[in-house]
Amino acid sequence: MQTRTLFRQVFAIAVVGFLFSATPSQAQYAFHRVSSPMKGAATEADETPKAPTYKLVHGVVQDANGALPGATVWLHGTQIVVVTNSEGEFELRVPTTAKVVQLTCSYGGLHEEVVTMAPVQAMGSVYLLRPKTVVKK
Numbered sequence: 151m152q153t154r155t156l157f158r159q160v161f162a163i164a165v166v167g168f169l170f171s172a173t174p175s176q177a178q179y180a181f182h183r184v185s186s187p188m189k190g191a192a193t194e195a196d197e198t199p200k201a202p203t204y205k206l207v208h209g210v211v212q213d214a215n216g217a218l219p220g221a222t223v224w225l226h227g228t229q230i231v232v233v234t235n236s237e238g239e240f241e242l243r244v245p246t247t248a249k250v251v252q253l254t255c256s257y258g259g260l261h262e263e264v265v266t267m268a269p270v271q272a273m274g275s276v277y278l279l280r281p282k283t284v285v286k287k
């Protein structure tokens, strides 16, 4: 039994020594240096897409009692969604190429309101005045 324990210890030391004696690895490059670009090759400027420009649209979502904090405002046709702050104010970025801005505003207990306007006019208040009615069957 003692020889078995001794064998295990010697074997463990040999394995650990083998693991730590390995030579460090070297990184390999997956490209070749080129002295001049090939004809017709895309340049770095061609590969970099131009960042779209945006216009900030801001306003306030209100009902008959005042501002609605936590109301949801989203831009149709995109995944741009914002939530109003404690004063009911919102601000979202609209692409400057948009000819028409269509915003949908919603708040719990009130009907959704869809507002369509030109980006130049897209500032001001959105009013959610109609409470949702529950239809009983």
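Take any residue in the sequence shown, count from 1 to its spot, add 150: that is its number in the working numbering.
We treat Cβ as the ideally placed atom computed from N, Cα and C, and that holds for glycine.
(request) List the residues that DSSP assigns as beta-bridge partners of Lys205. (result) Paired residue(s): Val244.
(message) Judging by CA-CA distance, which residue of Val250, Val265, Gly238, Thr246 is the nearest neighbour of Ala214?
(response) Among Val250, Val265, Gly238, Thr246, the Cα nearest to that of Ala214 is on Gly238.
(message) Let me check understanding here. Comparing Cα to Cα, which of Asn235, Gly258, Leu225, Ser236 lies closest to Val264?
(response) Comparing Cα-Cα distances from Val264 to each of Asn235, Gly258, Leu225, Ser236, the minimum goes to Leu225.
(request) Output the distance between the C-alpha atoms of Gly259 and Thr222, rounded to the nearest integer angstrom. (result) Going by the C-alpha atoms only, they are around 13 Å apart.
(message) So, with DSSP's three-state summary, where would you put Thr228?
(response) It is coil, neither helix nor strand.
(message) Quick check: what's the CA-CA separation for Val207 versus Arg243?
(response) Rounded to the nearest angstrom, the two C-alpha atoms are 6 Å apart.
(message) Taking the beta strand (DSSP E) that Thr234 belongs to, which residues open and close that run?
(response) Per DSSP, Thr234 lies in no beta strand (DSSP E) and is assigned neither H nor E.
(request) Assign Leu260 to one of three DSSP states: helix, strand, or coil. (result) Three-state DSSP puts Leu260 in a strand.
(message) Suppose you measure from the CA of Val311 to the CA of Arg154; what does that come to, to the nearest Å?
(response) Nothing can be reported for residue 311, as the shown portion of the chain is limited to 151 through 287.
(request) To the nearest angstrom, report how far apart Thr254 and His261 are at their CA atoms. (result) Approximately 10 Å between the Cα atoms of the pair.
(message) Helix, strand or coil, according to DSSP, for Gly250 in the structure here?
(response) Just to set this straight, residue 250 is Val in the shown sequence, not Gly. In the structure shown, Val250 sits in coil (DSSP, three-state: anything other than H, G, I, E or B).
(message) Considering Cα atoms alone, identify which of Thr228, Gly209, Val232 is closest to Gly220.
(response) The closest CA to that of Gly220, considering only Thr228, Gly209, Val232, is found on Val232.
(request) To the nearest angstrom, report how far apart Lys210 and Pro199 are at their CA atoms. (result) Looking at the sequence shown, residue 210 is not Lys but Val. Their backbone Cα atoms lie some 34 Å apart in a straight line.
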